[in-house]
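Residue numbering for the sequence shown is 1 to 286, as defined by the UniProt record's numbering. No residue lacks a Cβ here, since even glycine has one placed at the ideal position from N, Cα and C. Predicted model, so just to flag it, every value in this text is computed and none were measured. One structure is given here, and the rest of the page talks about it.
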Amino acid sequence: MKSLLTRHFGKGWMLLVYAFLYAPLLFMIVFSFNSTRQDAVFTGFSLRWYEALLSDTKIVNGFFISLKVALTTGALSAVLGTFAAFVLVRYRRFWGRTVFSGMVNAPLVMPEVIIGLSLLLLMVGAQNVFGWPERGMLTIILGHTLMGMAYAMVVVQSRLLEMDRRIEEAAMDLGARPHQVFFLVTLPNIAQAVVAAFLLSFTLSFDDVVISEFLSGPGVNTLPQVIFGYARRGINPTIYAAATILITVVTLVVVGYATWVARSTRRREREIAAALRADTPALTGR
C-alpha cells in the first residue's frame, strides 16, 4: 500500500495542480455559452454572447489595437532581444558589459507598475520638451517592447549558449565574413528560439494591462483594458466569449508551433544521420 501511494503520489499531485490552474478556464468557457447572465447556474446553451461580442465596438476595436501592438512589439522584441543576446554571449569582454546586461535584464525583476510609471513620466517629459510622442499606440508599443525585449533576450541567449561555436568557426575558415556567418549560419540555427521569443513577446504584449493603462491615450484602449473596464462594472458574459476565443486561438498557435518544432527537429536529425552515413565510407577508405 505504501509503495502504491509513493508511486502515484506525484501523478495525483500534478493532477491537482492542473485542475487548480485550468478548472477556472473550463468554467469560464462553459458559461460563455450560457443563455442568461447567471454566473453560477447554467440555464441553457446559447450563442447570444458571441453575437453580442461581434456587435460590441469597444471589444472589436480593442482587439485590433491589441493585435497591431502585439505584432509590432513581438517583431521589435525578437530583433532587439536577438542582438542583445548575441552581444552578451559572443562578446564576453567589452566596456560597459555589466551595465548593459543589468539594463537589459532589469525589466525581468522590475514591477510593471514601476515600469509603467517611469515610462509615463518619460513620455510626458519628452512631449513637453519636443512635442512628441503623444500618448497612444506608439507609446504602448515602446513600453511593451522594453518589457518584451528582456524576455526575448533570455530565450535566444539560452539557445546561443547551446549552439556549437565550431560551426561558425568553420564558416569563417572558409572565408565567410562576420555578417555572413551571422545571417547564413548563426541565425538559421537559432531560428526556432527567435520564433519562440516572438511568440512570447506577442503574448506578453497582447495580455498586458498595467503598462497599457499608463501609456494609452484618449480613444486608444487595448483589449485587456476594455475587458478590465467591463469587469470592474460587474459580470458581463461577453467577456467570457472574448476570452474563450482568445484561449482557442492561443491553443491552436501553441500546438502548431510545437508541431513545427518537432518536425524540424526530426528532419534535422535525419539529415545529420544521412550525412554521417555518407561520410563513414570516406573516413574508413572504403
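For phenylalanine 9, the secondary structure class from DSSP, reduced to helix, strand or coil, is helix. Cα atoms of asparagine 221 and leucine 204: separation of roughly 16 Å, rounded to the nearest angstrom. Residues of the same chain with a CB within less than 7 Å of the CB of asparagine 105, apart from the 5 flanking positions on each side, are Ala150 in chain order.
Comparing alpha-carbon positions, the option among Gly234, Ser212 and Gly217 lying closest to proline 224 turns out to be Ser212.
In the displayed model, phenylalanine 45 falls within a strand according to three-state DSSP.
Asparagine 128 carries a helical assignment under DSSP once its states are collapsed to helix, strand and coil. In the three-state scheme derived from DSSP, where H, G and I count as helix and E and B as strand, asparagine 105 is classed as helix. Taken in chain order, the whole alpha helix (DSSP H) runs of length 4 or more contained in the stretch 164 to 193 are 165 to 173 and 178 to 181. With respect to the 8 Å criterion, isoleucine 29 and threonine 244 are classified as neighbours on the basis of their beta carbons.
Going by DSSP, serine 158 is part of the alpha helix (DSSP H) stretching over 137 to 162. With respect to leucine 71, proline 107 sits apart: the two C-beta atoms are not nearer than 8 Å.
With fewer than 16 other Cβ atoms inside 10 Å of its own Cβ, glutamine 38 counts as exposed.
A distance below 8 Å between beta-carbons, with the five flanking residues on each side excluded, links serine 101 to the following residues of its chain, in chain order: Leu88. When DSSP states are grouped into helix, strand and coil, asparagine 34 belongs to the strand group.
Just so you know, the alpha carbons of glycine 131 and valine 113 end up roughly 25 Å apart.
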